[in-house]
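Quick note on numbering: this note's numbering labels position 275 of the sequence shown as 626, and the sequence is numbered without any gaps.
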Amino acid sequence: MVVAMAASMASGSRTKPMLDLSFCFTVAICAFFVPSYAKLTTIEHPVKNDRSLSFLVVGDWGRRGFYNQSDVAFQMGRIGEKLDIDFIVSTGDNFYDNGLTSVHDPAFRESFTHVYTAKSLQKPWYSVLGNHDYRGNVEAQLSPILRTFDKRWSCMRSFVLKTELLDIFFVDTTPFVDKYFMEPDEHTYDWEGIQPRKTYLTTLIKDLKAEMRNSTAKWKFVAGHHAIKSLGHHGETTELIKFLLPLLKENDVDVYMNGHDHCLEHISSIDGSIQYLTSGGGSKAWRGDFKAEDHSSQNAKFLYDGQGFMSVEMNEKDAMIMFYDVDGKVLHDWKISKQLYSAV
352 MVVAMAASMA SGSRTKPMLD LSFCFTVAIC AFFVPSYAKL TTIEHPVKND RSLSFLVVGD
412 WGRRGFYNQS DVAFQMGRIG EKLDIDFIVS TGDNFYDNGL TSVHDPAFRE SFTHVYTAKS
472 LQKPWYSVLG NHDYRGNVEA QLSPILRTFD KRWSCMRSFV LKTELLDIFF VDTTPFVDKY
532 FMEPDEHTYD WEGIQPRKTY LTTLIKDLKA EMRNSTAKWK FVAGHHAIKS LGHHGETTEL
592 IKFLLPLLKE NDVDVYMNGH DHCLEHISSI DGSIQYLTSG GGSKAWRGDF KAEDHSSQNA
652 KFLYDGQGFM SVEMNEKDAM IMFYDVDGKV LHDWKISKQL YSAV
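Right under this line is the structure:
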């Protein structure tokens, strides 16, 4: 196991009473009875002429360039040019501390447009929402109006990015987490658009199951904000282990990518081939509180308590994953081969 840790440098509802995930039995039953169609939005993206694909993954970034966000962005631009990336994946918490207030919130330009200025980063950004995004005006962040300000921006609750090589299933993970409903503390969350919660999550699981089952891509990745497996500050998300992980296992998903924990991690499966990759080092980091005693530590390949990002280069046979720090140094790399892990 590669461990890179630094001393801690220290680095927020319109809430109505909601049911917790005790409706699991209903969800489990519905997940097995799926119609022949799915309702998730699908975006198609071409591969390169040689049928390869490359992209960057970054999360927890939107701080108007502060907390080393601009430094990470600079290195993303450098690596993006080197790899000739096709797009960027954002794993959520796109705008701190409390999302966007409206489509005219200057935070959109100050945290996105004015930070990620490198030529290589002028590619589509496919983004999911994080819990901090839900503390703002969610519809503003999802609005197509933002694309008139910056054509790169593409953010939806849940959707599928399809290429000839890879399908990435983007999942809205925040509504799964009970504590945001039951113990919101002083925070205000924008739950408009997902009520009733039970119906929203049941439908999402059903549609994800249909899309994953019908996928014919060589590779299948899933991207969400919250971790399934993590040794970071927030750790594992029990609701995702219960409701989302079974779908990943049933459908031969190769990789689950997330943010939320402000660090970089790679954890392998104990009982399967899924690789759990945390890329949440887009800005504020250095919390210094890894859960080294967690059972997942036995399968941890890499931990880094600092800023950085991740890259993926792939073809039909292999996927190469690399993690970089704020200086652009490669901290960890891992190759997944379809000769070992076959997606059917």
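Glycine included, C-beta positions come from ideal geometry on N, C-alpha and C.
Report the residue ranges of all alpha helix (DSSP H) runs contained in full by the stretch 540-628; include only those spanning at least 4 residues, in chain order. 548-565, 589-594, 596-601
Short check: CB of Gly-679 to CB of Lys-642, under 8 Å? Counting from one through the sequence shown, the residue named residue 679 turns up at place 328. Counting from one through the sequence shown, the residue named residue 642 turns up at place 291. Cβ atoms of Gly-679 and Lys-642: not closer than 8 Å.
Among the residues of its own chain, which have a CB less than 7 Å from the CB of Phe-376, if the five just before and after it don't count? If you number the sequence shown from 1, residue 376 lands on position 25. For Phe-376, the predicted model reports a pLDDT of 32, less than 50, meaning its position is unreliable and no value from the coordinates is stated.
Residue of Lys-549, Glu-534, Pro-526 minimising C-alpha distance to Leu-591: For the purposes of this step, residue 591 is taken as the residue at position 240 of the sequence shown. Measuring from the Cα of Leu-591, the nearest candidate turns out to be Pro-526.
Buried versus exposed call for Ser-387 [16 or more other C-beta atoms within 10 Å across all chains shown]: Here residue 387 refers to the residue found at position 36 when the sequence shown is read from its first residue. Because Ser-387 sits at a pLDDT of 34, beneath the cut-off of 50, its placement in the model cannot be relied upon, and the following sentence gives the value as read from the coordinates. That one is exposed.
Check Leu-391 in the structure and name its three-state DSSP category. Counting from one through the sequence shown, the residue named residue 391 turns up at place 40. Note: Leu-391 maps to coil in three-state DSSP.
If you pair each beta-carbon of the stretch 529-548 with each one of the stretch 608-621, do three or more pairs fall below 8 Å? no
When the Cβ atoms of the stretch 567-587 are set against those of the stretch 538-551, are three or more pairs found closer than 8 Å? no
Where His-455 and Leu-516 are concerned, what is the direct C-alpha to C-alpha distance, given to the nearest angstrom? To locate residue 455, count along the sequence shown from 1; it is residue 104. To locate residue 516, count along the sequence shown from 1; it is residue 165. One C-alpha to the other measures close to 37 Å.
My parser needs the beta strand (DSSP E) runs of 3 or more residues fully inside the stretch 481-544; what are they? 504-506, 510-513, 517-522
Can you tell me whether Phe-674 is buried or exposed, with buried defined as 16 or more other CB within 10 angstroms of its CB? On the sequence shown, residue 674 is found 323 positions in, with the first residue counted as 1. It is buried - the Cβ of Phe-674 has at least 16 other Cβ atoms within 10 Å.
Whether Phe-510 touches Thr-464 by CB criterion (8 Å): Against the sequence shown, residue 510 aligns to sequence position 159. Against the sequence shown, residue 464 aligns to sequence position 113. No, the Cβ-Cβ distance between Phe-510 and Thr-464 is not below 8 Å.
Spell out a yes or no on whether the stretch 422-431 and the stretch 475-485 are touching, meaning 3 or more CB-CB pairs, one atom from each, closer than 8 Å. no
Can you list, in chain order, the residues of its chain with a C-beta nearer than 6 Å to that of Ile-621? Leave out the 5 residues immediately preceding and following it. Here residue 621 refers to the residue found at position 270 of the sequence shown. Answer for Ile-621: Asn-650, listed in chain order.
Determine whether the beta carbon atoms of Ile-436 and Ser-405 lie at a separation below 8 Å. The residue labelled residue 436 in the question sits at position 85 within the sequence shown. The residue labelled residue 405 in the question sits at position 54 within the sequence shown. Taking 8 Å as the Cβ cut-off, Ile-436 and Ser-405 qualify as a contacting pair.
Whole alpha helix (DSSP H) runs in the stretch 642-688 with 4 or more residues, listed along the chain? none
Per-residue burial, Phe-417 [other beta carbons within 10 Å of its own, 16 or more giving buried]: Numbered from its first residue, the sequence shown carries residue 417 at position 66. It counts as exposed.
CB of Val-677 within 8 Å of CB of Asn-445, strictly: In the sequence shown, residue 677 corresponds to position 326, counting from 1. In the sequence shown, residue 445 corresponds to position 94, counting from 1. No, they are not a contact pair.
Please state whether DSSP places Leu-472 in a helix, a strand or coil. Reading the sequence shown from its first residue, position 121 is the one you call residue 472. In this structure, Leu-472 counts as helix in the three-state DSSP scheme.
Close Cβ partners of His-396 (< 8 Å) along its chain, the five nearest in sequence each way excluded: On the sequence shown, position 45 is the one that residue 396 refers to. The residues are Asp-437, Phe-438, Pro-475, Leu-512, Lys-513, Thr-514.
With which residues is Tyr-467 paired in a DSSP beta bridge? One-based indexing of the sequence shown puts residue 467 at position 116. Looking at the DSSP assignment, Tyr-467 forms no beta bridge with any residue, so it has no partner.
CB-CB under 6 Å to Ala-389, same chain, minus the five flanking residues each way: which ones, in chain order? By 1-based counting over the sequence shown, the position of residue 389 is 38. Caution is warranted here: a pLDDT of 42 is assigned to Ala-389, below 50, making its placement in the model unreliable, and the coordinate value is therefore given only provisionally. Asp-558, Ala-561, Glu-562, listed in sequence order.
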